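The structure appears right after this line, and notes come after that.
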Amino acid sequence: MQLRTFIATGLLGLGFVLGNAQAEGIETAAFNGSGPVDKTVQDVGVRGVPFELVELDGNLIEAVGGEDYIFQDSTGKIIVHVPEELMVGQVISQNTPVKVQGEVHQDVVQPKSVDVFDIEPLQ
């Protein structure tokens, strides 16, 4: 019982200290993780590592099946996997410049690709 009281008192005290720090404008620590890094297809192909968050500007030039497309920028081509729900309501042709954000994916038998979590036409 005393341990529960001690823990509860400690948690209340911690909440009071943090609340006062924020009320007085004192900075408190917070994690600000990095988002996707602007890359080229060549960067991803040569230096991209699995699970790296990337942002690419270019064009979807061909549908290759299912949710996979060939994406091209001025440095090369790469397969991107764009979930169907991201394409709903989008009018994107091979002439439409797009920005894709995603995660580098590398399979044992397949070349690197990008699993897209956001796609935005740039026109």
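Numbered according to mature numbering (1 follows the signal peptide of the UniProt record, and there is no 0), the sequence shown spans residues -23 to -1, 1 to 100.
Glycine residues also receive a C-beta, built at the ideal position from the N, C-alpha and C atoms.
It should be emphasised that the depicted structure is a prediction, and the values quoted were computed from it without experimental measurement.
Local Cβ density within 10 Å of residue i, reported as buried at 16 or more and exposed below that
i	result
V57	buried
G35	buried
A(-3)	Summary for A(-3): the model assigns pLDDT 45, below 50, so the residue's position carries little reliability; its value from the coordinates is reported in the next sentence. A(-3) is exposed by the Cβ-count criterion.
V93	buried
V14	exposed
V81	buried
Pairwise C-alpha distance: residue j and residue i
i	j	result
A40	P27	23 Å
Q67	V86	32 Å
Q71	L37	5 Å
L30	T52	19 Å
P74	P98	6 Å
K16	K76	11 Å
E44	Q100	23 Å
M64	G42	14 Å
Q83	I69	26 Å
E32	I55	13 Å
Residue i: first and last residue of the uninterrupted alpha helix (DSSP H) it sits in
i	result
Q87	From DSSP, Q87 is part of no alpha helix (DSSP H); its letter is neither H nor E.
E61	61 to 64
Opening and closing residue of the beta strand (DSSP E) in which residue i lies
i	result
G53	53 to 58
G25	First-last for G25: undefined, no H or E at that position.
Q49	45 to 50
Nearest residue (CA-CA) to residue i, options the options
i	options	result
G25	F94, L33, K89, G42	K89
F48	Q78, G12, P13	Q78
V91	S11, G12, G22	G22
Q19	P60, L63, D50	D50
E61	D95, G12, S11	D95
Cβ of residue i within 8 Å of any chain B Cβ
i	result
H82	No chain B is part of this structure, which consists of one protein chain only.
Paired residues, beta bridge with residue i - DSSP
i	result
Q78	E32, D95
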